[in-house]
Structures are given as C-alpha cells and as structure tokens.
Amino acid sequence: MKQPRHIKLPRAFFERPTLEVAPDILGKYLVYHSPEGKLSARIVEVEAYIGRDDPACHASKGLTPRTRPMFGPAGFTYVYFVYGMYHCLNLVTEPEGTPAALLVRAAEPDEGQSVMGRHSPGKDGTELLSGPGKLCRSFGLTADQNSLDLAGDTIYIEDRQCKVENVGQSRRVGIRVGVDRPWRFFDVDSQAVSQAR
DNA sequence: TGAATGATGCGCT
DNA sequence: GCGCATCATTCAT
Numbered sequence: 000m001k002q003p004r005h006i007k008l009p010r011a012f013f014e015r016p017t018l019e020v021a022p023d024i025l026g027k028y029l030v031y032h033s034p035e036g037k038l039s040a041r042i043v044e045v046e047a048y049i050g051r052d053d054p055a056c057h058a059s060k061g062l063t064p065r066t067r068p069m070f071g072p073a074g075f076t077y078v079y080f081v082y083g084m085y086h087c088l089n090l091v092t093e094p095e096g097t098p099a100a101l102l103v104r105a106a107e108p109d110e111g112q113s114v115m116g117r118h119s120p121g122k123d124g125t126e127l128l129s130g131p132g133k134l135c136r137s138f139g140l141t142a143d144q145n146s147l148d149l150a151g152d153t154i155y156i157e158d159r160q161c162k163v164e165n166v167g168q169s170r171r172v173g174i175r176v177g178v179d180r181p182w183r184f185f186d187v188d189s190q191a192v193s194q195a196r
C-alpha cells in the first residue's frame, strides 16, 4: 500500500492573489487537532472576500479590532461570530496590509467524524460540514481559534494530492452587497457543497 | 418564510 | 457613552 504524501501548505501558498488561491485550495484538507482529537476534512467550497473595495468584505469598513486578522499576514485563521449563534472560518490570504480572506463554506468529513457528530447532534456524513456555520460547529471552532497561524501544529491545510476535476464558479451566497462578484468556488462533483438559497 | 440570538460598528448626543 | 440596524446562517414551520 502506497502512503500518499501529506504536505502542510506553507504561508507562501496563501500569500498570493486570493482568486488564485481559491481554486487551488479546493481538494486540500483542513486539519484541526481539537481538544477531543484530530479532525480533518476535504475542502470543497470557498468564497473570496477581497480588500477595501469589496463591499461584502468585512475589511471594507477599515481596520477594526474584529477585522484585524484579515489585515495581517497570510496563512492565519479569521474566525468570526454571526447571527448570534454561528461562527465562520476564514483563511487569510495576500500579504500583510492587504485585507483578504477565503471563507471556508463546505468540506467532506474525513477523520474524527464521531467528534463532529457529537458537536452536531442528528447529523452525519456530508451533512456535518455542508455550510459555513455547520462546519465550524462540527469542528468546534469558535473565537478561541481566531487568528491562529496555519504554519503551527493546531490547525493547518494539508495537500494530500487529491485533485478536483471540475471547479465550479458562481456568485457568493447569503450576502446583500457585492453580489455581482462571482467569487464562490466549489467542487462540482462533491455532495457536500452547501445548498444554494 | 421567519425566528433565534448577540457582537459589531456607525451615527448620533 | 448609547441605541439601533446589520449580519459571509441554520432549522423549524
């Protein structure tokens, strides 16, 4: 049995134009060493939020305590709280001073599915991670995991040589401004992609 | 279709 | 300082 190579993506991977990173990160694995054990999942859907000129990007309002991670160096997490009950996981892209990030919207569960199920009662399989809120809940990600270095050992993205055959592109979901930008990227063949609204 | 639910940031005083 | 509209969602009705 040949063991596939697992390569932790370096900061240089994220320190590029966000629209280049977005399709590249599909098929890569999100790995999180949670207090309850190792969790991993294959990323199948992301959305780009880029800079001060993107009205849907939190950073369009300027640098605030909340949006600080997006202004920092690439390769960090940006986890924020929305709607009073959900968290969303973003991965910071582009060099320091250029605020941009990829919202991780959906993934296919791999390791640690029993832990994910404990966080999301009544869910299993692709339902565990098929949406940004569900993904964070199943992974147990909260503001405590904000601004973590993806070059560290707690949470990172891994290349497992898993190719995505067909990358789809569409408008972003769930926003009221900046809807014209087709900055949602997803694996056309994945069952775990979140439902369109 | 809308309720749940709370932090954020803006526009006032 | 204070109040209020907004919000990159989910689930039950």
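Numbering-wise (numbering that gives the first Met the number 0), the first sequence opens with residue 0 and increments by one.
Ideal Cβ placement from N, Cα and C applies to all residues, glycine included.
Since this is a predicted model, take the numbers as computed values, not measurements.
Asked                                                                                                       : Found
Beta carbon of Ala73 nearer than 8 Å to that of Arg10                                                       : yes
Nearest-angstrom Cβ-Cβ length linking Met69 and Tyr77, presumed shorter than 8 Å                            : 6 Å
Three-state secondary structure (DSSP) of Ile154                                                            : strand
Residue of Glu107, Thr66, Pro108 and Glu110 minimising C-alpha distance to Leu90                            : Thr66
Cα-Cα separation between Val176 and Glu93, rounded to whole angstroms                                       : 22 Å
Segment contact flag, the stretch 57-65 with the stretch 127-134, C-beta cutoff 8 Å, min 3 pairs            : no
Nearest-angstrom Cβ-Cβ length linking Val20 and Glu107, presumed shorter than 8 Å                           : Wrong, their Cβ atoms sit about 19 Å apart, outside the cutoff.
According to DSSP, residues forming a beta bridge with Gln190                                               : Beta-bridge pairing links Gln190 to no other residue.
Straight-line gap, Glu157 to Val178 (C-alpha atoms, nearest Å)                                              : 30 Å
His86, buried or exposed, once every other Cβ within 10 Å from all chains shown has been counted against 16 : buried
Of the listed residues Gln144, Arg170, Phe12 and Ala191, nearest to Ser33 (C-alpha basis)                   : Gln144
Beta-carbon proximity check, Gly167 vs Phe185, cutoff 8 Å                                                   : yes
Distance, Val30 Cα to Phe13 Cα                                                                              : 16 Å
Where Ser146 sits in the DSSP three-state scheme                                                            : coil
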